[in-house]
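Protein chains: 2
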Amino acid sequence: MAQRAQSREADAALAAARELPEVLGPVAGDLERVGARYAEILSVTSDRVREVVSQAARFGGKRLRPALTCLASRLVAGSVSDDVATVAAVVELIHTATLVHDDIIDGAVVRRTVATLNARFGDQLAVLGGDVLFSKAYRAAAHLQDPFASRYLSDVVGEILEGEIHQDLVTRNAGLAEAEYRTIIRGKTAALYEAALVVGAYYAGASVALREALGRYGHHLGMAFQMVDDRLDLTGDEATVGKTLGRDLSEGKTTLPLILWREAQTGAARVEALRLLEAAWDDVASAKRLALRLDGEGALAAADALARRELDLAREALAQVPAGPDRDLLRTLPDYVLLRTR
Amino acid sequence: MAQRAQSREADAALAAARELPEVLGPVAGDLERVGARYAEILSVTSDRVREVVSQAARFGGKRLRPALTCLASRLVAGSVSDDVATVAAVVELIHTATLVHDDIIDGAVVRRTVATLNARFGDQLAVLGGDVLFSKAYRAAAHLQDPFASRYLSDVVGEILEGEIHQDLVTRNAGLAEAEYRTIIRGKTAALYEAALVVGAYYAGASVALREALGRYGHHLGMAFQMVDDRLDLTGDEATVGKTLGRDLSEGKTTLPLILWREAQTGAARVEALRLLEAAWDDVASAKRLALRLDGEGALAAADALARRELDLAREALAQVPAGPDRDLLRTLPDYVLLRTR
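Those protein sequences? They're chains P and H, same order as listed.
Just so we're aligned, residue 1 is where the first sequence starts under this note's numbering, counting upward by one.
Just so we're aligned, residue 1001 is where the second sequence starts under this note's numbering, counting upward by one.
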């Protein structure tokens, strides 16, 4: 009986870790304010253009980045000021803009359960729609009294884009090294996670040391988030994840589990591994077979171990952060990242 | 003999008006400094990314916008400061970024005599490359001491994009009204011409009245520039213009000469005009035939008259600007705009 109760409790903890909206309950009110700012920032004069922009701009998804901005601010100042709500909205807007352009690149037709901009209006308007989101984000940042967000976030956007361009340039490179993979995900994902916390801390008046500690937490959380994202492509339930298993692989993306699996082989097996990786490009069936093999040979577990290491580093950074319920919440996010299924 | 000499003189004036680089001789030194700033602003950390960005970022073309920024500054302050060189480079960078994304949308393979980013690296990298140019432009503006450029130019980019989105949404609308055509070209072209002068004047310390007069000049010059650009699509030598005659028309763009021609018809002829316009879409041969007919029926001349009216308004705005060689140069630019063949 006791054992069953304990197991039920563990299941509940697991479910909670999987459900981000529940975890973020304490910042729900702040996120509503951020959502209102987001809508204000996106206002356009022309009716015709409004339709395109509003399709691009649904404030939904996980809302993890603006939640991190709010949490950083609460940790520092105990609350979320108007400036912090603005930078949180700007961070989410930058994220959404990159998604709009990614969806064109990937030919995706559904995002956050609704039609992508390219699916509804075509690639041409999706390019311009993403540009509008970027311009609105920069505009909102430029109107803050303190130019920190404007300067820092334009650097971060550059870093995200360099990461994405880098990733595109190493497509179909089965020999990609782990270090280069880390450089790519640092740019395309971790940079904005770090930025989400840094701008929240900055506009709440944090010391440089506290801002840097929170930024470090964000960096490692973002690295782990992308590692788990890449692992989910090779595992998990297709219906839950909402995309085709092995899709990254079949598109020629060499991600962490593939790198670790390839590196675990020696001699002739290494040559055979490279051959199998290359065979998986453009061939979804081969990609799926390889994904199953990676699971069986422990490569997914090895990748998860590296993600867990990033999450440990994220938690370590929190040692320099004032204790309290907001820090506790930041401590629980790694569980969500590791256990999430989509 | 006297008559022949006079004619030779007129030919020389015509040639000069056609050759923008000669007209802009007096600001050649300033433009070199702007070019150096442009290259600095675009520096990237990764070797791989540098190749993509440098393809996107050739500082060439007409360089009319940064020349206008320098001229505005010279008119106000007699010289071009480092801040003015920076905003001139930012204006050109914004222009180049919009061209990179336009080339994807239009499927263009050559721009400024070299391969477009999409032709060389594919659409995916061209989307990201254009995004990088925008991010570098915003970053440079954000690093100026005075936030004017950062705030004003992010608004202008929004205006450009709204104009382009608007244009895209009225594709294949043979009944497009002149007022709506003007709204579109105001956004997609005239807004940045106006901005080029406004930021030059502002960072040179101009009074609000002088800044607004120069901005008005830029607005009308830009309106005329786009009107002539749209007319060149329907006339001129294909080899000189460097694109296919009637291309806008065959792509479903309803431009000023078409609108004026359609409006000149009455009754059954109006219905027939709409039918001919629609027949020209997706059919280059019909588009070419219609272009020749528009010329014969005076629609091109009518469009030129409206462009000339804009140029008169541009010159009128100069009445409020201090006299001198820089104002004289601004006075000659309308001749170039009207007489240019490409």
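Positions of the beta carbon are idealized from the N, C-alpha and C atoms, including for glycine.
Could you please give the first and the last residue of the uninterrupted alpha helix (DSSP H) stretch that includes residue i?
| i | result |
| --- | --- |
| ARG231 of chain P | 208–232 |
| GLY1129 of chain H | 1123–1142 |
| ARG1186 of chain H | Here ARG1186 of chain H belongs to no alpha helix (DSSP H), and DSSP marks it neither H nor E. |
| THR1069 of chain H | 1064–1077 |
| TRP261 of chain P | 256–264 |
| GLU1278 of chain H | 1268–1280 |
| GLY1035 of chain H | 1028–1041 |
| SER1250 of chain H | 1247–1250 |
| GLU1297 of chain H | No alpha helix (DSSP H) contains GLU1297 of chain H, which DSSP labels as neither H nor E. |
| SER150 of chain P | 148–169 |
| PRO334 of chain P | 325–339 |
| LEU197 of chain P | 191–203 |
Determine, using beta carbons only, whether residue i comes closer than 8 Å to chain P.
| i | result |
| --- | --- |
| HIS1166 of chain H | yes |
| GLY1242 of chain H | In this predicted model, GLY1242 of chain H has a pLDDT of only 49, less than 50, meaning its place in the structure is not dependable; the value taken from the coordinates is given anyway. Output row for GLY1242 of chain H: interface = no. |
| GLN1320 of chain H | no |
| VAL942 of chain H | There is simply no residue 942 of chain H to check, as chain H begins at 1001 and stops at 1342 in what is shown. |
| LEU1161 of chain H | yes |
| ILE1041 of chain H | no |
| LEU1339 of chain H | no |
| LEU1142 of chain H | The question names Leu, but residue 1142 of chain H is Ala in the sequence shown. Interface residue, yes. |
| LEU1169 of chain H | yes |
| ASP1131 of chain H | yes |
| VAL1023 of chain H | no |
| VAL1199 of chain H | no |
| LEU1176 of chain H | no |
| ARG1120 of chain H | no |
| VAL1110 of chain H | no |
| ALA1101 of chain H | Per the sequence presented here, residue 1101 of chain H reads as His, with Ala not at that position. Answer yes: the Cβ-Cβ gap between HIS1101 of chain H and chain P drops below 8 Å somewhere. |
| LEU1128 of chain H | yes |
| TYR1044 of chain H | One detail in the question is off: residue 1044 of chain H reads as Val in this sequence, not Tyr. Yes, VAL1044 of chain H lies at the interface with chain P (some Cβ there is under 8 Å from its Cβ). |
Let me see if you follow: with CB-CB separation under 8 Å, is residue i close to chain H or not?
| i | result |
| --- | --- |
| PHE134 of chain P | yes |
| ARG48 of chain P | yes |
| TYR138 of chain P | yes |
| ILE104 of chain P | yes |
| PRO147 of chain P | yes |
| GLY158 of chain P | yes |
| GLN124 of chain P | yes |
| SER250 of chain P | no |
| ARG351 of chain P | Past the boundaries of the shown model lies residue 351 of chain P; chain P is included only from 1 to 342, so the question cannot be answered. |
| SER154 of chain P | yes |
Give me the Cα-Cα distance between residue i and residue j, rounded to the nearest whole angstrom.
| i | j | result |
| --- | --- | --- |
| LEU274 of chain P | THR1113 of chain H | 41 Å |
| GLY1122 of chain H | ARG50 of chain P | 29 Å |
| ASP1103 of chain H | GLY1061 of chain H | 15 Å |
| ALA269 of chain P | LEU256 of chain P | 18 Å |
| TYR1181 of chain H | LEU1306 of chain H | 13 Å |
| GLU1022 of chain H | ARG1111 of chain H | 22 Å |
| LEU249 of chain P | THR1254 of chain H | 45 Å |
| VAL127 of chain P | LEU1128 of chain H | 10 Å |
| TYR1336 of chain H | SER154 of chain P | 37 Å |
| VAL425 of chain P | LEU313 of chain P | Nothing in the structure corresponds to residue 425 of chain P, since chain P is present only between 1 and 342. |
| TYR1138 of chain H | THR1069 of chain H | 17 Å |
| LEU276 of chain P | ALA302 of chain P | 19 Å |
| THR171 of chain P | GLY252 of chain P | 5 Å |
| ASP30 of chain P | LEU1338 of chain H | 56 Å |
| ALA1204 of chain H | LEU1330 of chain H | 17 Å |
| LEU64 of chain P | VAL1044 of chain H | 29 Å |
| HIS1101 of chain H | ARG120 of chain P | 19 Å |
| LEU1169 of chain H | LEU1290 of chain H | 23 Å |
| ARG293 of chain P | GLY1187 of chain H | 55 Å |
| GLU1278 of chain H | LEU1300 of chain H | 19 Å |
Under the DSSP definition of a beta bridge, which residues are partnered with residue i?
| i | result |
| --- | --- |
| ARG289 of chain P | DSSP lists no partner for ARG289 of chain P. |
| ALA115 of chain P | P:VAL110 |
Using a C-beta to C-beta distance shorter than 9 Å, which residues of chain C count as neighbours of residue i?
| i | result |
| --- | --- |
| GLN1055 of chain H | Absent from the structure is chain C; the protein chains it does hold are P and H. |
Using 8 Å as the threshold, is the region 1084–1095 of chain H in touch with the region 1032–1040 of chain H, meaning 3 or more CB pairs across them? Yes, since at least three Cβ pairs between the region 1084–1095 of chain H and the region 1032–1040 of chain H fall closer than 8 Å, the two stretches touch.
Taking three-plus beta-carbon pairs below 8 Å as touching, is the region 275–290 of chain P in contact with the region 306–326 of chain P? With a cut-off of 8 Å, the region 306–326 of chain P and the region 275–290 of chain P do not count as touching, because too few Cβ pairs lie within range.
With a threshold of 8 Å, are at least 3 pairs of Cβ atoms found where one atom belongs to the region 188–201 of chain P and the other to the region 210–230 of chain P? By the Cβ criterion, the region 188–201 of chain P is in contact with the region 210–230 of chain P, since at least three pairs of Cβ atoms, one from each stretch, lie closer than 8 Å.
Three or more C-beta pairs below 8 Å linking the region 1117–1135 of chain H and the region 1163–1179 of chain H: Because the criterion of three Cβ pairs below 8 Å is not met, the region 1117–1135 of chain H and the region 1163–1179 of chain H do not touch.
Counting pairs of beta carbons, one from the region 169–187 of chain P and one from the region 68–85 of chain P, are three or more of them closer than 8 Å? The way I'd put it, the region 169–187 of chain P doesn't touch the region 68–85 of chain P; fewer than three beta-carbon pairs between them come closer than 8 Å.
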